[in-house]
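J.:
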Amino acid sequence: MSTFDGIVREFPDIRVDFFRRSIDQPPPLACFLSHVHSDHLAGLESLRSPFVYCSAATREILLRLERYPCRINFAKGILEARVQTFKGLKGLLKPIPLDTPTEIELAPGLCIQVTLIDANHCPGAVMFLIEGDGRAVLYTGDIRSEPWHVNSVARNPALIEYTHGSKTLDKIYLDTSFIDDVHFQTKAEGIAELLGKVSRYPPDTIFHFQAWTYGYEEVWIALSKALKSRVHVDDYKMKIFSSLQAKPENDRFGQSLHLCRESPALTGYMFGNAYRPGCLATDENGPVVWIQPIIAHTTGGTDRLEHGIGGGADDLEREVELDLVSPTDLNHLLQMLGENRIVSEPTKTAVRDLLLKRPFSGRNVPLDLDMSCFGDKKEANVAEVMALIGEKRAHRPDEGDAMLNGAENGLPKMIRFPYSRHSPLPELRHLVTTFKPRDVWPCTVDPMTWNKNNVTIKGLFGDCCSGTRFAHDAVMRAWAKDHQRTHRAEFEFEENSPVSRQSAIRHAQPAVVNTSPPPAYSPQHIAETVEEVCKSAIWADGQLTEEGIEVIEGSCRGKRNFVAFAGDADDSQDTVASHASIISQLVEGASLVRADAYEAMLRNLGGGEWTSIGLLSTTDNHTYASQDPTALSDEKGDRNKRTRTVQRPRRVGISKP
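Start counting the sequence shown at 0; every next residue gets the next number (numbering that gives the first Met the number 0).
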């Protein structure tokens, strides 16, 4: 999944593949969309300006795309889904032809030149060559840089001066979904393997292709030709792919304009005065053999499966996704899951893995569920949904499984074949070497894993570049230093402590709550997950005791803490709080809703993404009732009468020596 924050440092007036507003960045003067996979659409649904430039195929697919984001109604214990389309962007989406340098005026006297190059990923997917004011970068988006594709890019007229040394790219913004030094079979090798396997089946066999997203259209075409049969899809998919063909309005027999090279083979074309249908047709039922694309066959003989790697999960299906959630809402959801006695522990673990291991990159969470689970009212019980998600994830086949469940005739009921839409490290190095740029910036990063394994751009691509200074490595060094400092004290629980892990999740919120990626040169380039914060919360110099948290007194430079805010107490501002946190004492009568509003105010002032602060009486239709924080203590009644001291880490600070 892409974690790119949309900011091209060499051209700060534009945004690419991430459209959520950043309060510390000026509004963009132009936006660019590489393709329609969901992890590249964050914030696009609410965009009102400026223009968004893309390929013609991407524009037509996007205008017909349906998504089903859902919000959590904790008061009712349900998920509420809604239909989301991008039809309102019709006036903003501006197509640019491929391989054609196009000048775009951002402001009077400020122009850039943009060239779209095919990315070999899915219909309409492109790379952007951006040039202007003596600078040049290549943004790859998602890419499969097979040898033939790199050779094609190297001889592209718009890129020859960069691939043959006349000019040098300042930076390549690279798809780093895979950074393992392994070999992937090419797409052609994968299709050839598939055709050899399906040829062994009887002529009346119906094959079901498990295509969960865009990018497998060439496989359908090859299967249709080899089997002399059409590929059956539902009406939604047919509408999407039919949009790739533009028909003349006043000429019944005029030649259609196809917006991508797969279009005529998929949806048909005019041949003289006769219409020739494509390989796609509407649904047909019957017994099936399942065909599942995988990433690659490994050297050890196992199969490397693709469970949504690289983003775009279920884009081809009308499936639901969880709206962008705050850490507070996520904590509520985890607490609800932990208290559920119907859902099994393995299922709970699978759901936690889904929710906690996704970085806070400003993108929605695919739930891997069809919209039919929500019924006509577009509502579903949270516990039931979590159980369905957990069951699906818990029963996924292992990577070591090859062909599953042999049929009566000895042939398997599931066929797997290698077909990755993203490149492994050797292919990426081939692409980078072809350009010899000064620097490389990764667009998919897991900072915890990169830091743990000491992954660097210099180590991955240093010998492929003409430069020796790598900006992302400097960011990661700052991130690692900050991570080590702020996680110096581990959060440990005694076995007899009355404070549960779920309670810890509620109070141990991230030091910087920002749902969109922070500036690239910030140590918080990619925010930590809630789980990491739970494991290594940022506490002041206090310790957890049976009575709660024992706090060493201190104050901070900045706004008043919540105790002062709630009770008009004086707040000394002469010292800086130890580590990175501000101590908040929740006293009797102080509402948690007021505390959350106070924290939101601090985050807004601190430069994070703006968080709206509503009224308890009108916001969210009373989704949450205001709770007395004293009720959060254990069941012993006498503790409900005492002041509770709780620490809420908020921002990164510098300890006084």
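For every residue, glycine included, the Cβ atom is placed at its ideal position computed from N, Cα and C.
Keep in mind that this is a model prediction, so the values were computed, not measured.
#1: Three or more C-beta pairs closer than 8 Å, one from the segment 220-236 and one from the segment 441-453: is that the case here?
#2: Could you tell me how far apart the beta carbons of S262 and L279 are, in whole angstroms, since I believe they sit closer than 8 Å?
#3: Using the C-alpha atoms, what's the distance from L109 back to N119?
#4: Tell me, which residues are paired with M269 by DSSP?
#5: Distance, Cα to Cα, V454 vs P436?
#6: Tell me which residue opens and which closes the beta strand (DSSP E) that D117 is part of.
#7: If we ignore side chains and look at the alpha-carbon of each, how far apart do C259 and P94 end up?
#8: Determine the DSSP secondary structure at V678, reduced to helix, strand or coil.
#9: Considering only C-alpha positions, which residue in the set S54, S176 and Y67 is nearest to A124?
#10: Which class does H39 belong to by DSSP, given the choice of helix, strand or coil?
#11: On a Cα-Cα basis, can you pick out the residue from D462, D179, F50 and E378 that is closest to G76?
#12: Just to confirm, are K89 and L46 a CB contact at a threshold of 8 Å?
#13: Tell me whether I205 is buried or exposed, calling it buried when 16 or more other Cβ atoms sit within 10 Å of its Cβ.
#14: Between the C-alpha atoms of V218 and V113, what's the straight-line distance to the nearest angstrom?
#15: Considering only the alpha carbon of each residue, which of A157, L105 and T185 lies closest to L128?
#16: Out of L265, S255, T281 and I290, state which residue places its alpha-carbon closest to the alpha-carbon of A273.
#17: Taking buried to mean at least 16 other C-beta atoms within 10 Å of its own C-beta, is T443 buried or exposed?
#18: Just to check my reading of the structure: L168 and L137 have Cβ atoms closer than 8 Å, yes? What is that Cβ distance to the nearest angstrom?
#19: Is there contact here, the segment 189-202 with the segment 143-162, by at least three beta-carbon pairs under 8 Å?
#20: Classify H331: buried if its beta carbon has 16 or more other beta carbons within 10 angstroms, exposed otherwise.
#21: Between K186 and A135, how many whole angstroms is the CB-CB distance? I'm expecting something under 8 Å.
#22: Only counting the same chain, and skipping five residues up and downstream in sequence, which positions put a Cβ closer than 8 Å to that of F3?
#23: M0 by DSSP, collapsed to three states: which one?
#24: Excluding the five sequence neighbours on either side, which residues of its own chain have a C-beta within less than 7 Å of the C-beta of H471, listed in chain order?
#25: Any idea what DSSP makes of T610, helix, strand or coil?
#26: Taking 7 Å as the line, does the beta carbon of G131 fall inside it for any heavy atom of the ligand SAH?
#27: Tell me whether the beta-carbon of P49 lies closer than 8 Å to the beta-carbon of C30.
#28: Which two residues bound the contiguous beta strand (DSSP E) that contains E426?
#29: Exposed or buried, which one is Q483 when buried takes at least 16 other CB atoms within 10 Å?
#30: Here's a check: name, in chain order, each residue in its chain whose Cβ is nearer than 7 Å to the Cβ of E160, leaving out the five neighbours to either side.
#31: Here's the rule: buried if 16 or more other CB atoms are within 10 angstroms of the residue's CB, otherwise exposed. What is Q209?
#32: Using the Cα positions of V82 and P26, report the straight-line distance between them to the nearest angstrom.
#33: Give every residue of the same chain whose Cβ lies closer than 8 Å to the Cβ of T281, excluding the five residues on either side of it in the sequence, and list them in chain order.
#34: Once DSSP output is grouped into helix, strand and coil, what is the label at P358?
#35: So who's on the other strand from V125, going by DSSP bridges?
#36: Measuring CB to CB, does A56 end up less than 8 Å from P122?
T.: Looking at the atomic coordinates:
#1: no
#2: Counted from its first residue, the sequence shown places residue 262 at position 263. Counted from its first residue, the sequence shown places residue 279 at position 280. Contact doesn't hold; Cβ gap of about 10 Å is too wide.
#3: Here residue 119 corresponds to residue number 120 of the sequence shown, with the count starting at 1. Here residue 109 corresponds to residue number 110 of the sequence shown, with the count starting at 1. Their backbone Cα atoms lie some 31 Å apart in a straight line.
#4: Taking the sequence shown and counting its residues from 1, the one referred to as residue 269 is at position 270. DSSP lists Y274 as partners of M269.
#5: Looking up residue 454 in the sequence shown gives position 455. Looking up residue 436 in the sequence shown gives position 437. Those two C-alpha atoms are separated by around 19 Å.
#6: On the sequence shown, position 118 is the one that residue 117 refers to. Residues L109 to D117.
#7: Within the sequence shown, numbered from 1, the residue matching residue 259 stands at position 260. Within the sequence shown, numbered from 1, the residue matching residue 94 stands at position 95. C259 and P94: Cα-Cα distance of roughly 13 Å.
#8: Here the chain has residues from 0 to 656 only, and residue 678 is not among them.
#9: Taking the first residue of the sequence shown as position 1, residue 124 is located at position 125. Of the listed residues, the one whose Cα sits closest to A124 is S54.
#10: Counting from 1 along the sequence shown, the entry for residue 39 is found at position 40. H39: helix per DSSP, three-state reduction.
#11: For the purposes of this step, residue 76 is taken as residue 77 along the sequence shown, with counting starting at 1. Proximity to G76 across D462, D179, F50 and E378 peaks at E378, based on C-alpha coordinates.
#12: As a working note, residue 89 is residue 90 in the sequence shown. As a working note, residue 46 is residue 47 in the sequence shown. Cβ distance not < 8 Å, so K89 and L46 don't count as in contact.
#13: By 1-based counting over the sequence shown, the position of residue 205 is 206. Exposed, by the Cβ-count rule.
#14: If you number the sequence shown from 1, residue 218 lands on position 219. If you number the sequence shown from 1, residue 113 lands on position 114. Approximately 31 Å, taken between the alpha carbons.
#15: By 1-based counting over the sequence shown, the position of residue 128 is 129. The option with the nearest alpha carbon to L128 is A157.
#16: Counting from 1 along the sequence shown, the entry for residue 273 is found at position 274. Out of L265, S255, T281 and I290, S255 has the C-alpha closest to the C-alpha of A273.
#17: The residue labelled residue 443 in the question sits at position 444 within the sequence shown. With a threshold of 16 other beta carbon atoms within 10 Å, T443 meets it and is buried.
#18: Counting from 1 along the sequence shown, the entry for residue 168 is found at position 169. Counting from 1 along the sequence shown, the entry for residue 137 is found at position 138. Sure, about 6 Å apart at Cβ, within 8 Å.
#19: no
#20: Position 332 of the sequence shown holds residue 331. H331 should be labelled buried.
#21: For the purposes of this step, residue 186 is identified with residue 187 of the sequence shown, where counting begins at 1. For the purposes of this step, residue 135 is identified with residue 136 of the sequence shown, where counting begins at 1. Contact flag wrong, Cβ pair sits at about 29 Å.
#22: Position 4 of the sequence shown, counted from the first residue, corresponds to residue 3. Only V15, D16, F17, Y172, C442, T443 and P516 meet the Cβ criterion.
#23: As a first step, residue 0 is located in the sequence shown; it is residue number 1 there, counting from the start. Residue state, collapsed to three classes: coil.
#24: What you label residue 471 is simply residue 472 of the sequence shown in a count that begins at 1. Here H471 has W440, P441 and I456 as same chain residues with Cβ atoms under 7 Å from its own Cβ, once five neighbours each way along the sequence are excluded.
#25: The residue labelled residue 610 in the question sits at position 611 within the sequence shown. If DSSP states are grouped into helix, strand and coil, T610 belongs with coil.
#26: The model on display carries no ligand, and the ligand SAH is accordingly not part of it.
#27: For this step, residue 49 is matched to residue 50 along the sequence shown. For this step, residue 30 is matched to residue 31 along the sequence shown. Yes, they are a contact pair.
#28: By 1-based counting over the sequence shown, the position of residue 426 is 427. Element bounds for E426: not the beta strand (DSSP E) but the alpha helix (DSSP H), L424 to F434.
#29: Against the sequence shown, residue 483 aligns to sequence position 484. By the 10 Å Cβ count, Q483 comes out exposed.
#30: Along the sequence shown, one-based indexing puts residue 160 at 161. Excluding sequence neighbours, E160 sits near K166.
#31: Within the sequence shown, the letter at position 210 stands for residue 209. By the neighbour-count criterion, in which a residue is buried when 16 or more other Cβ atoms sit within 10 angstroms of its Cβ, Q209 is exposed.
#32: As a position in the sequence shown, residue 82 is number 83, starting the count at 1. As a position in the sequence shown, residue 26 is number 27, starting the count at 1. Those two C-alpha atoms are separated by around 28 Å.
#33: Numbered from 1 along the sequence shown, position 282 holds the residue referred to as residue 281. So the qualifying residues of the chain are H231, V232, D233, D234 and M237.
#34: Taking the first residue of the sequence shown as 1, we reach residue 358 at position 359. Confidence in P358 is poor, its pLDDT being 48 and thus under 50, which makes the residue's placement unreliable; the coordinate value appears in the next sentence. DSSP places P358 in coil when its eight states are reduced to three.
#35: For the purposes of this step, residue 125 is taken as the residue at position 126 of the sequence shown. Answer is D117, bridged to V125.
#36: Taking the sequence shown and counting its residues from 1, the one referred to as residue 56 is at position 57. Taking the sequence shown and counting its residues from 1, the one referred to as residue 122 is at position 123. Going by C-beta atoms, A56 is nearer than 8 Å to P122.
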